[in-house]
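Since the structure comes first, as structure tokens, the remarks are kept for the end.
Chains as they are written, first to last, in the numbering used here: chain L, 369 to 653; chain U, 16 to 418.
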């Protein structure tokens, strides 16, 4: 099988830089706008796209993504429509990996086998199911694996040495490191803590490490991009979509693209800048 | 029904009752859930834990609660003898305290220094605020903004007891949203916080430990009826939201084949409308709040809003053990509408001088329906899990009385 995720991570690594992963909720603020946002993301510099499947009760998400979920559901988004949107996106982009992120109930309701078949056919590369820890993954993981889809696992600040092997057992695609114990969009982690966590995870797995939760600004993204294989930005983009939707802006995709371009620029130059600053400091000393 | 092995042995090692239960939580919470499970296993085997729990239940909660023969209600319904398990006489006026005492002892054992909880009607919030005050721990209660409007007396009680009450404005602004918000708090404050879940639901081990702390109801009732009547009852009846009072009464009787067991869901404005809270009658299997259970949901797996006149039953799910007992047919689940519950409420006020909460009024409504079809030598035990002081404003409004 062609594995868009592995190919993209390898390509970024070959360029000596981290990948930028951007999150948007499907159907936020509505399906048509959402499809336009999606189409604009690769050109703006998103290396991997995470698409949120809306759910009424997003227990692991903060206010920004909760509101994004409600805007999407309010405009009538269904799981079927999310898959159709990705399928349409694939007609214009066969290279950018797409990972669906959401909660288990809509998938269970759709049927895990049917979900795997249709997600694969739509051109989806993997899934993150927030409330499906390894202990319960048996209901979905075999169907995804059978159809060549990655089930991405999450590690967190509470994942100790005892827990980590359980998380890594069956992990594929990449490992998502949740940088802060909390909901999406809350506080941001200290760069030193992230660096230590990434080093600890890298010692235990050869999977790329993506770091998310609390990354809002280009500078924060750059600080993480120095250490991690990928940086995930979600709530900041969803917040911007929400603000633009509230203001009835008619250029939401362009606004999102500008925001993502700034993040991409920061992520792409982060290691170079860090090396330069480091060298400068050495010279000064 | 052929009962070859005990029905009281569940859940299995992974927290499953048949296909229901489990641990569907964010990875951040998994180590905490596993830590809680280990701490509870250890506590269960520790005689000192039980000694302290029993002492508090006796001297602080006021247990055992009486098993009362409701003579005039029995005369009025002209059927089976009706006994009421008087858990509304507990300190704080409901069964919720049984569980809260148990959980706060666990919290203290685990070295946790901050308590959070969700509440619907406010009974669990009051019980949690009570034990937090008793043990000197700070406490935050999440409550749906709509429930805050209809349960003002309990909100004030919680504040008097020193708890911070946080209004939840998201979603349907009721119990399910309060639970979402409590889970968000927990995932953010993992190191010092203990989440006291109020019903026999949520990720394993909560359904098991809440049930265990509530089975004091059924254990007492079993001993009391054997003492009074020299035999087991023919029928048990209890109302079900999440189902903690019901599983507490039912569980010690599950292996007694001759005991018919009936749980009563809230039918709201009717099962044929979309405004009810009967997740067994009107829902299907799904995953919410850490467990797989029967849920009210639309065809796309989105959770739909429940409705009941009783804030304590206004929840789109049910504890996983009930979902399993329903699936295997050991417990029979019926429902009562808002109107029937109001009639049950008034019936008990008038015949027994007891003002019940709207939650057990659903059970009384079912008793009023079933007792007349039974013989006078037969015995019913109904769980009177809460008193109705908190509900008088809701009832007055429903009856068109201006206070």
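Using N, Cα and C, we set each Cβ at its ideal position, and we do this for glycine too.
Cross-strand partners of residue 171 (chain U) (DSSP beta bridge): Mapped onto the second chain, residue 171 (chain U) falls at position 156. None; residue 171 (chain U) has no bridge partner.
Reduced DSSP secondary structure (H/G/I, E/B, other) of residue 35 (chain U): Position 20 of the second chain holds residue 35 (chain U). Residue 35 (chain U) falls in the strand class under three-state DSSP.
Backbone secondary structure at residue 350 (chain U) - three-state DSSP: The count along the second chain starts at 1 and reaches residue 350 (chain U) at position 335. Strand, per DSSP.
Residues from the segment 33-46 of chain U in contact with chain L, defined by Cβ distance under 9 Å: 37, 38, 39, 40, 41, 42, 43, 44, 45 and 46
Segments assigned beta strand (DSSP E), at least 3 residues, entirely inside the segment 185-260 of chain U: 208-210 and 250-255
Span separating the alpha-carbon of residue 554 (chain L) from that of residue 253 (chain U): Position 186 of the first chain, counted from the start, is the residue given in the question as residue 554 (chain L). Position 238 of the second chain, counted from the start, is the residue given in the question as residue 253 (chain U). If I take the Cα positions, the gap works out to 42 Å.
Residue-level contact to chain U via CB, residue 531 (chain L), 8 Å cutoff: To locate residue 531 (chain L), count along the first chain from 1; it is residue 163. Yes, residue 531 (chain L) counts as interfacial toward chain U.
Where residue 398 (chain U) falls: helix, strand or coil (DSSP): Reading the second chain from its first residue, position 383 is the one you call residue 398 (chain U). Reduced to three states, the DSSP call for residue 398 (chain U) is strand.
Contained beta strand (DSSP E) runs [length at least 3] in the segment 506-544 of chain L, N- to C-terminal order: 521-523
Buried or exposed (CB count within 10 angstroms, at least 16 for buried), residue 96 (chain U): For the purposes of this step, residue 96 (chain U) is taken as residue 81 along the second chain, with counting starting at 1. Result: buried.
Three-state secondary structure assigned by DSSP to residue 391 (chain L): Sequence index remark: in the first chain, residue 391 (chain L) carries index 23 (1-based). It is a strand residue.
C-beta neighbour in chain U for residue 550 (chain L), strict 8 Å: If you number the first chain from 1, residue 550 (chain L) lands on position 182. Yes, residue 550 (chain L) lies at the interface with chain U (some Cβ there is under 8 Å from its Cβ).
Residue 416 (chain U) classed as buried or exposed, judged by whether at least 16 other C-beta atoms fall within 10 angstroms: In the second chain, the residue the question calls residue 416 (chain U) occupies position 401. Its Cβ having fewer than 16 others within 10 Å, residue 416 (chain U) is exposed.
Closer than 8 Å to chain L by CB, residue 203 (chain U): Locating residue 203 (chain U) in the second chain gives position 188, counting from the first residue. It does: the Cβ of residue 203 (chain U) has a partner Cβ on chain L nearer than 8 Å.
Residue 387 (chain U) beta carbon less than 8 Å from that of residue 526 (chain L): By 1-based counting over the first chain, the position of residue 526 (chain L) is 158. By 1-based counting over the second chain, the position of residue 387 (chain U) is 372. For residue 526 (chain L) and residue 387 (chain U), no; Cβs fall outside 8 Å.
Contact between the segment 68-85 of chain U and the segment 223-238 of chain U (3+ Cβ pairs under 8 Å): yes
Alpha-carbon to alpha-carbon, residue 146 (chain U) and residue 211 (chain U): Position 196 of the second chain, counted from the start, is the residue given in the question as residue 211 (chain U). Position 131 of the second chain, counted from the start, is the residue given in the question as residue 146 (chain U). Approximately 11 Å, taken between the alpha carbons.
3 or more residues per run - each beta strand (DSSP E) lying fully within the segment 438-476 of chain L: Whole beta strand (DSSP E) segments, 3+ residues: 466-470.
Local Cβ density within 10 Å of residue 406 (chain U), reported as buried at 16 or more and exposed below that: Along the second chain, read from residue 1 onward, the residue named residue 406 (chain U) stands at position 391. Buried.
Residue span of the beta strand (DSSP E) that contains residue 179 (chain U), given as start and end: The residue you call residue 179 (chain U) lines up with position 164 of the second chain. Where residue 179 (chain U) is concerned, the enclosing beta strand (DSSP E) stretches over 179-183.
Min CB distance residue 18 (chain U) to chain L below 8 Å: Sequence index remark: in the second chain, residue 18 (chain U) carries index 3 (1-based). At residue 18 (chain U), the pLDDT of 49 sits below 50, so the modelled position is not reliable; the number obtained from the coordinates is stated separately. It does not; no Cβ of chain L falls within 8 Å.
Environment of residue 329 (chain U) [buried if 16+ CB atoms lie within 10 Å]: By 1-based counting over the second chain, the position of residue 329 (chain U) is 314. That one is buried.
Proximal residues to residue 44 (chain U) (C-beta, below 7 Å), its chain only, five neighbours per side dropped: Position 29 of the second chain, counting from 1, holds the residue named residue 44 (chain U). Hits under 7 Å: 201 and 202.
Under the three-state DSSP convention, the category residue 636 (chain L) falls into: As a first step, residue 636 (chain L) must be located in the first chain, where it is residue number 268. Residue 636 (chain L) falls in the helix class under three-state DSSP.
Chain U contact for residue 478 (chain L) (CB, 8 Å cutoff): Numbered from its first residue, the first chain carries residue 478 (chain L) at position 110. So yes, residue 478 (chain L) belongs to the interface.
Alpha-carbon to alpha-carbon, residue 280 (chain U) and residue 249 (chain U): Stepping through the second chain from its first residue, residue 249 (chain U) is reached at position 234. Stepping through the second chain from its first residue, residue 280 (chain U) is reached at position 265. Cα to Cα, the separation comes out at about 20 Å.
Completely contained alpha helix (DSSP H) runs for the segment 268-313 of chain U, where each covers 4 or more residues: Complete alpha helix (DSSP H) runs here, min 4: 294-297.
Cutoff 8 Å: residue 370 (chain U) Cβ touching any chain L Cβ: Taking the first residue of the second chain as position 1, residue 370 (chain U) is located at position 355. Residue 370 (chain U) does not count as touching chain L.
Residue 472 (chain L) at chain U interface by Cβ criterion, 8 Å: The residue you call residue 472 (chain L) lines up with position 104 of the first chain. The C-beta of residue 472 (chain L) comes closer than 8 Å to at least one C-beta of chain U.
C-beta neighbour in chain U for residue 441 (chain L), strict 8 Å: Here residue 441 (chain L) corresponds to residue number 73 of the first chain, with the count starting at 1. So yes, residue 441 (chain L) belongs to the interface.
Residues sharing a beta bridge with residue 381 (chain U), DSSP: To locate residue 381 (chain U), count along the second chain from 1; it is residue 366. Paired residue(s): none; residue 381 (chain U) is not in a bridge.
Whole-angstrom C-beta distance between residue 136 (chain U) and residue 325 (chain U), which should lie under 8 Å: Counting from 1 along the second chain, the entry for residue 325 (chain U) is found at position 310. Counting from 1 along the second chain, the entry for residue 136 (chain U) is found at position 121. Sure, about 7 Å apart at Cβ, within 8 Å.
Coil, strand or helix - residue 55 (chain U) by DSSP: Here residue 55 (chain U) is taken as the residue at index 40 of the second chain, counted from 1. In the structure shown, residue 55 (chain U) sits in a helix (DSSP, three-state: H, G or I).
Interface residues of the segment 478-503 of chain L facing chain U [CB-CB below 7 Å]: 478, 498, 499, 500, 501 and 503
Euclidean distance between Cα positions of residue 290 (chain U) and residue 357 (chain U): Sequence index remark: in the second chain, residue 290 (chain U) carries index 275 (1-based). Sequence index remark: in the second chain, residue 357 (chain U) carries index 342 (1-based). One C-alpha to the other measures close to 16 Å.
Nearest-angstrom beta carbon gap, residue 130 (chain U) and residue 122 (chain U) [assumed within contact, 8 Å]: For the purposes of this step, residue 122 (chain U) is taken as the residue at position 107 of the second chain. For the purposes of this step, residue 130 (chain U) is taken as the residue at position 115 of the second chain. The pair is a contact, with the Cβ atoms about 6 Å apart (cut-off 8 Å).
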